[in-house]
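For reference, the structure is listed below as structure tokens.
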Amino acid sequence: MSDLFTSAGLEREAPRPLADRLRPLVLADVVGQDHLTGDDGALRRLLASGTIGSLIFWGPPGTGKTTVARLLAHETKLHFEQISAIFSGIADLKKVFEAARGRRSIGEGTLLFVDEIHRFNRTQQDSFLPVMEDGTITLVGATTENPSFALNAALLSRARVMTFLALDEPAIMRLFQRAEEADGAALPLDEDARLALAAMADGDGRAALTLAEEARRAAKPGEVFDTAALTAVLQRRAPVYDKSQDGHYNLISALHKAIRGSDPDAALYYFARMVDAGEDPLFLARRLVRMASEDIGNADPQALQVALAAKEAYDFLGSPEGELALAQVVVYLATAPKSNAVYKAYGAALRTAKAGGSLMPPKTVLNAPTKLMKAEGYGADYAYDHDAPDAFSGQDYWPERLGRQRFYDPPERGFEREIRKRLEWWEKLRKERRGG
């Protein structure tokens, strides 16, 4: 009992997790980030230059950000100090800075690693600026959020952003091999289950090793799991997806562009990813309605009606039945003829309206409900289109100071091909009836 709190006692009472035991000791052992830690990687080049400067590590969880920060401190012979923005405030930062100044006075530098740095508010982020500028600390901040939105411009201007990538399948397989070497035994998985376990990790190396450890614990002596047994034992790990963060915006962007690019299979894939991750189907329905107007428009006027009908169907049926109606509209929009002519025309009209000011429409097309307005020429010589040949008068409806403009230019696709023919016909009649 007396040795319970010694390091040996702790080792017996609380074995280190596999992910901790396999933490890389040198940069060459970091997997999945060769663009940073490989022989010609960005971090290797910085180390070769003799100084690394302050850095922001941006990437998903479990990709090695903390490990690489520790290894950089070792490589540069800097004291490694770690804090988390979740648990620290200004008072904690002041203590860290003061300790760093003390070390600096005796010739020792400090690499300050700040996990979840995006959690600090503007004032807290600003507090790093003077100690970064005078060399008191070398800052390495880690964030899972896009630094462009999560960090102050002043902080970003003093640091270089390094992007960490989600681990691909080969990288996770290398981790499994290391786990087997460390334990001296193969994982209790057949080949398909091994691939399934890698997929469950969803690009997170720490999660991959944790899941592998759980699988080993769950297996009876000599038992080898297939995919079904592995799924039953481990359950399914939820996809990495935060509806308020980058994953949300990345997937909706991919869905929108797949629909615009007329790829129904890719569109269905991203739609399914978002539904599976718990996205609000009504949010997706609203975005699909927007896409129907922005990217299909009058090339297929029914697209907007189909999108609205799918939203109504979802309201009526709920989940999961109603999601099929949304999947239907995803395919409809992706396979519809595309046109952004209305989208562009509206933008051009809006810019002209803002620039033109309060221009008066021509009096000819204005109503004259009073004698004074009639005397002023309101409604004079107005041509009623239904009385004209072809129900088209060729009347000029534009403010005199502005003159006729052209915003809407339908392409030769889908239903807009017919609209273009009409517009060209009307333009021909307009010129004829004005003697043009």
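Per this note's numbering, the sequence shown starts with residue 45, numbered consecutively.
Ideal Cβ positions, reconstructed from N, Cα and C, are used throughout, including at glycine.
If you're wondering where the values come from, they're calculated on a predicted model, not measured in any experiment.
Cβ pair residue i, residue j closer than 8 Å
{"i": "V75", "j": "A215", "result": "yes"}
{"i": "F315", "j": "A243", "result": "no"}
{"i": "S383", "j": "G458", "result": "yes"}
{"i": "A343", "j": "E460", "result": "yes"}
{"i": "R183", "j": "T107", "result": "Sequence check: residue 183 is Leu here, not Arg. It is not a contact, given that the beta carbons lie outside the stated cut-off."}
{"i": "A203", "j": "S363", "result": "no"}
{"i": "A380", "j": "A369", "result": "no"}
{"i": "L233", "j": "F193", "result": "no"}
{"i": "A256", "j": "L231", "result": "yes"}
{"i": "L278", "j": "A251", "result": "no"}
{"i": "D248", "j": "P105", "result": "yes"}
{"i": "L253", "j": "L66", "result": "yes"}
{"i": "V175", "j": "P191", "result": "no"}
{"i": "K407", "j": "G421", "result": "yes"}
{"i": "A143", "j": "L173", "result": "no"}
{"i": "A237", "j": "L211", "result": "no"}
{"i": "L155", "j": "A117", "result": "yes"}
{"i": "Q168", "j": "L137", "result": "yes"}
{"i": "A424", "j": "Q439", "result": "no"}
{"i": "F101", "j": "V112", "result": "yes"}
{"i": "R464", "j": "E456", "result": "yes"}
{"i": "G341", "j": "Y387", "result": "yes"}
{"i": "S128", "j": "D159", "result": "yes"}
Three-state class that DSSP yields for residue i in the structure shown
{"i": "G341", "result": "helix"}
{"i": "S297", "result": "helix"}
{"i": "S128", "result": "strand"}
{"i": "M318", "result": "helix"}
{"i": "F269", "result": "strand"}
{"i": "F141", "result": "helix"}
{"i": "L54", "result": "In this predicted model, L54 has a pLDDT of only 44, less than 50, meaning its place in the structure is not dependable; the value taken from the coordinates is given anyway. Looking at L54 - three-state DSSP - the assignment turns out to be helix."}
{"i": "D159", "result": "strand"}
{"i": "M45", "result": "Caution is warranted here: a pLDDT of 39 is assigned to M45, below 50, making its placement in the model unreliable, and the coordinate value is therefore given only provisionally. Note: M45 maps to coil in three-state DSSP."}
{"i": "E460", "result": "helix"}
{"i": "T180", "result": "coil"}
{"i": "T167", "result": "helix"}
{"i": "I134", "result": "helix"}
{"i": "A194", "result": "helix"}
{"i": "R450", "result": "coil"}
{"i": "G249", "result": "helix"}
{"i": "L403", "result": "coil"}
{"i": "G228", "result": "coil"}
{"i": "D434", "result": "helix"}
{"i": "K264", "result": "coil"}
{"i": "P59", "result": "coil"}
{"i": "E420", "result": "coil"}
{"i": "G391", "result": "helix"}
{"i": "W469", "result": "helix"}
{"i": "Y441", "result": "coil"}
{"i": "I303", "result": "helix"}
{"i": "I216", "result": "helix"}
{"i": "T414", "result": "coil"}
{"i": "Q221", "result": "helix"}
{"i": "E476", "result": "helix"}
{"i": "D425", "result": "coil"}
{"i": "Q77", "result": "coil"}
{"i": "K382", "result": "coil"}
Buried versus exposed, by CB contacts within 10 Å (16 or more), residue i
{"i": "L416", "result": "exposed"}
{"i": "A52", "result": "Note that A52 scores a pLDDT of 45, beneath 50, so its modelled location is shaky and nothing firm can be said."}
{"i": "G103", "result": "buried"}
{"i": "N165", "result": "exposed"}
{"i": "I96", "result": "buried"}
{"i": "M335", "result": "buried"}
{"i": "L17", "result": "What is shown of the chain runs 45 to 480, which leaves residue 17 out entirely."}
{"i": "H162", "result": "buried"}
{"i": "L195", "result": "buried"}
{"i": "Y358", "result": "buried"}
{"i": "L326", "result": "exposed"}
{"i": "S46", "result": "With a pLDDT of 40 at S46, under the threshold of 50, the modelled position of that residue is not reliable, and the figure given next carries that caveat. By the 10 Å Cβ count, S46 comes out exposed."}
{"i": "P59", "result": "exposed"}
{"i": "M404", "result": "exposed"}
{"i": "H300", "result": "buried"}
Beta-bridge pairing of residue i - partner residues as DSSP gives them
{"i": "A186", "result": "F101"}
{"i": "D236", "result": "DSSP, once it has assigned bridges, lists no residue as partnering D236."}
{"i": "T207", "result": "W102"}
{"i": "T107", "result": "Its beta-bridge partners do not exist; DSSP assigns none."}
{"i": "T154", "result": "H123"}
Supposed close pair residue i, residue j - CB separation, criterion 8 Å
{"i": "A351", "j": "V375", "result": "Going by Cβ atoms, the distance from A351 to V375 rounds to 12 Å, so no, they are not a contact pair."}
{"i": "A347", "j": "Y452", "result": "Not confirmed; about 17 Å, so no contact."}
{"i": "I296", "j": "R330", "result": "Rounded, the Cβ-Cβ distance is 11 Å, inconsistent with contact."}
{"i": "R148", "j": "T180", "result": "6 Å"}
{"i": "P68", "j": "L115", "result": "7 Å"}
CB contact check: residue i to chain C, cutoff 8 Å
{"i": "A144", "result": "This model lacks chain C altogether, as it is built from one protein chain only."}
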